[in-house]
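Below is one structure; the comments refer to it alone.
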């Protein structure tokens, strides 16, 4: 048995530590998802690697036990919100690091507009302001199931639970501004669609037929015949 004070490492470091493309990608993820360090990215990569490894192993089998495990894996990933209902193992192999990071509690809090920024979401969680259902959660990296997103809220004992809190007022104004922006974009898109439909309708209208003018020679011939008569 290992020392309980020293838990087992939950991630593996990159094989090559000095790859420019990977370093730049990791820096972008740290900024986008408000991560503390790159270890959180490596932890997400380890989770993803484990899921894909299991999917590859199950894809190669065709017995009853494999089919059962395959169904269990797909159901678990659907509950986590990593894949949609009806998807197969090919969708699992198409997952990337961002899909895992999107299911973190920190990201869910920010996406629900409970925080003004992704970093503020992390601060709220670590300071025990956020609960999932009846339980207060202080770990930003917890993966939230799709069905539990509605249970993510401010803790009842938190000062953020009151709408009068100054930070809540900032968030509320931001949400209202985003709603107005969304409504404006929706109206603009509808207007463009209507204009496009009108333009197509005008293009489909048949053009009026132009009157055919008789050739000059035929007109002269007819006038001469009229004079002879």
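Residue numbers (the working numbering): 123 to 351. All C-beta atoms in this analysis are idealised placements derived from N, C-alpha and C, irrespective of residue type, glycine included.
- Leaving aside the five residues that flank residue 213 on each side, the residues in its chain whose CB is nearer than 6 Å to its CB run, in chain order, 205.
- The shortest CA-to-CA distance from residue 136 to any of 129, 145, 128 is the one to 145.
- Annotated three-state conformation of residue 275 is strand, per DSSP.
- Unbroken alpha helix (DSSP H) runs of no fewer than 4 residues, entirely contained in the stretch 153-215, are found at 161-182, 186-202, 211-215, following chain order.
- Out of 273, 268, 176, the CA that lies nearest to the CA of residue 258 is found in 273.
- With a cutoff of 7 Å on beta-carbon distance, residue 148 and residue 158 are scored as not near each other.
- If you draw a 10 Å sphere on the C-beta of residue 143, you find fewer than 16 other C-beta atoms in it, and that means exposed.
- Under the DSSP assignment, residue 230 falls outside any beta strand (DSSP E), being part of the alpha helix (DSSP H) whose first and last residues are 227-233.
- A direct Cα-Cα distance of roughly 20 Å separates residue 323 from residue 310.
- Assigned with DSSP and collapsed to three states, residue 257 falls in strand.
- By the CB criterion at 7 Å, residue 207 and residue 197 fall outside the cutoff.
- Here residue 251 is buried: its Cβ has 16 or more other Cβ atoms, across all protein chains shown, within 10 Å.
- Residue 294 is not a Cβ neighbour of residue 238, given a cutoff of 7 Å.
- The C-beta distance from residue 219 to residue 170 rounds to 6 Å, short enough to fall under 8 Å.
- By the neighbour-count criterion, in which 16 or more other beta carbons inside 10 Å mark a residue as buried, residue 192 falls on the buried side.
- Within the model, the alpha-carbon separation for residue 300 versus residue 312 is close to 18 Å.
- Taking 7 Å as the cut-off, the beta carbon of residue 202 is found no closer than this to the beta carbon of residue 283.
- The DSSP-derived three-state label of residue 265 is strand.
- By the 16-neighbour rule on beta-carbons within 10 angstroms, residue 167 is buried.
- In the three-state reduction of the DSSP assignment, residue 252 falls in the strand class, which pools E and B.
- Taking a contact as a CB-CB distance under 8 Å, the pair residue 244 and residue 156 counts as one, their CB atoms being some 5 Å apart.
- Between residue 132 and residue 165, the gap from beta carbon to beta carbon is short of 7 Å.
- Excluding sequence positions up to five before and after residue 134, its CB lies within less than 7 Å of the CB of 164, 168, all in the same chain and listed in chain order.
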